[in-house]
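Just so you know, this note's numbering puts 1398 at position 183 of the sequence shown, and the rest follows in order with no gaps.
For each residue, glycine too, the CB sits at the ideal point set by N, CA and C.
Quick caveat: nothing in here was measured; it's all calculated off a predicted structure.
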Amino acid sequence: MDDSKHNLNIKPRNMTEIDFTACPECDLLLNPAAPDVGDKAHCPRCGYLLQRPRKQSVERTFALSIAGLILMFPANLMPLVGIKILGNTKDGTLWSGVVALFEEHLWGVAVLVFLSSIVFPLLNIILSLLISAHLYFNKPNRYLASWMRWLQHMDEWAMLEVYMLGIIVACVKLASTSELKFGFGLYAFVALLIIAGMLATSLDKVLFWRQIGQLRKEK
Ligand SMILES: [Zn+2]
């Protein structure tokens, strides 16, 4: 354990002069290296993948968040599925699902579905767009760091894929008793799901934080 002994020798004064980060796996204090695109930085003690800079992270995030924002409208407002029972057709949108839950007095579930399938994904995309646009155009903003922090918390709450699973289960169950028609909203929703997944992988947090820091210094 000679490296931990070495870490204890670092005086607090030095900690502020050089930025140290702890390995998320084993807490080894490291002076963060900045590997080139295509390279990987591993923790020397436990081998945890610390960094793998992604190509054109800012540009990709910027483009994907615009696409996601556009898709948000049809995915939320257009019919996901149309159900035909005894001659009556009823279209279901994401929003009407939330309203139906409210009408059934399932307040908790309604709020959870509303937040995790509409509010958080929307906020996630808006924050990604705001941050990547500022970085792309090199525009400093004093809220950049706060936006980035919110975005990192939002990750845990946007659960589009859980909602997708619910739609699939409902469709399978209803398919035997009624006629189902898939609406444009569903295709938009699937596309949004793919975009959200791509957005999560394109956004390089380390690189974003570094650029935010640079912008702050330039100001
Ligand atoms: Zn480690």
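So, is residue i buried or exposed, given that buried needs 16 or more other C-beta atoms within 10 angstroms?
{"i": "residue 1252", "result": "exposed"}
{"i": "residue 1375", "result": "buried"}
{"i": "residue 1273", "result": "buried"}
{"i": "residue 1239", "result": "exposed"}
{"i": "residue 1276", "result": "buried"}
{"i": "residue 1352", "result": "exposed"}
{"i": "residue 1407", "result": "buried"}
{"i": "residue 1368", "result": "exposed"}
{"i": "residue 1201", "result": "Absent from the structure is residue 1201, since the part of the chain shown begins at 1216 and ends at 1434."}
{"i": "residue 1390", "result": "exposed"}
{"i": "residue 1358", "result": "exposed"}
{"i": "residue 1361", "result": "exposed"}
{"i": "residue 1417", "result": "buried"}
{"i": "residue 1426", "result": "buried"}
{"i": "residue 1283", "result": "buried"}
{"i": "residue 1246", "result": "exposed"}
{"i": "residue 1303", "result": "exposed"}
Report the partner residues of residue i according to the DSSP bridge assignment.
{"i": "residue 1257", "result": "1264"}
{"i": "residue 1300", "result": "1303"}
{"i": "residue 1236", "result": "1245"}
Whose C-beta lies closer than 6 Å to the C-beta of residue i among residues of the same chain, with five residues either side of it excluded?
{"i": "residue 1306", "result": "1294, 1297"}
{"i": "residue 1420", "result": "none"}
{"i": "residue 1396", "result": "1297"}
Contact defined as beta carbons within less than 8 Å: I believe residue i pairs with residue j. What is the distance between those atoms, to the nearest angstrom?
{"i": "residue 1309", "j": "residue 1332", "result": "6 Å"}
{"i": "residue 1259", "j": "residue 1422", "result": "Not really, about 21 Å apart at Cβ, beyond 8 Å."}
{"i": "residue 1363", "j": "residue 1341", "result": "Wrong, their Cβ atoms sit about 13 Å apart, outside the cutoff."}
{"i": "residue 1410", "j": "residue 1286", "result": "6 Å"}
{"i": "residue 1338", "j": "residue 1328", "result": "With a Cβ gap of about 15 Å, residue 1338 and residue 1328 do not count as contacting."}
{"i": "residue 1256", "j": "residue 1266", "result": "4 Å"}
{"i": "residue 1365", "j": "residue 1335", "result": "No, residue 1365 and residue 1335 are not in contact; Cβ-Cβ is about 11 Å, not under 8 Å."}
{"i": "residue 1235", "j": "residue 1244", "result": "5 Å"}
I need the boundaries of the beta strand (DSSP E) containing residue i, first residue and last residue.
{"i": "residue 1295", "result": "That residue, residue 1295, is in no beta strand (DSSP E); it is neither H nor E in DSSP."}
{"i": "residue 1396", "result": "1394 to 1397"}
Quick one: give me the first and last residue of the alpha helix (DSSP H) that residue i is part of.
{"i": "residue 1376", "result": "1375 to 1390"}
{"i": "residue 1433", "result": "1420 to 1433"}
{"i": "residue 1349", "result": "1335 to 1351"}
{"i": "residue 1314", "result": "1309 to 1318"}
{"i": "residue 1361", "result": "1359 to 1369"}
{"i": "residue 1252", "result": "Unbroken run through residue 1252: none, as it is neither H nor E."}
{"i": "residue 1327", "result": "1322 to 1329"}
Which residues in the same chain as residue i place their Cβ atom closer than 7 Å to its Cβ, once the five residues preceding and following it in sequence are excluded?
{"i": "residue 1289", "result": "1399, 1400, 1403"}
{"i": "residue 1324", "result": "1316"}
{"i": "residue 1386", "result": "1296, 1395"}
Take residue i and list the residues in its own chain whose beta-carbon comes closer than 8 Å to its own, dropping the five residues that flank it on each side.
{"i": "residue 1415", "result": "1370"}
{"i": "residue 1393", "result": "1298, 1299, 1300"}
{"i": "residue 1355", "result": "1349, 1430, 1431, 1433, 1434"}
{"i": "residue 1379", "result": "1404, 1405, 1408"}
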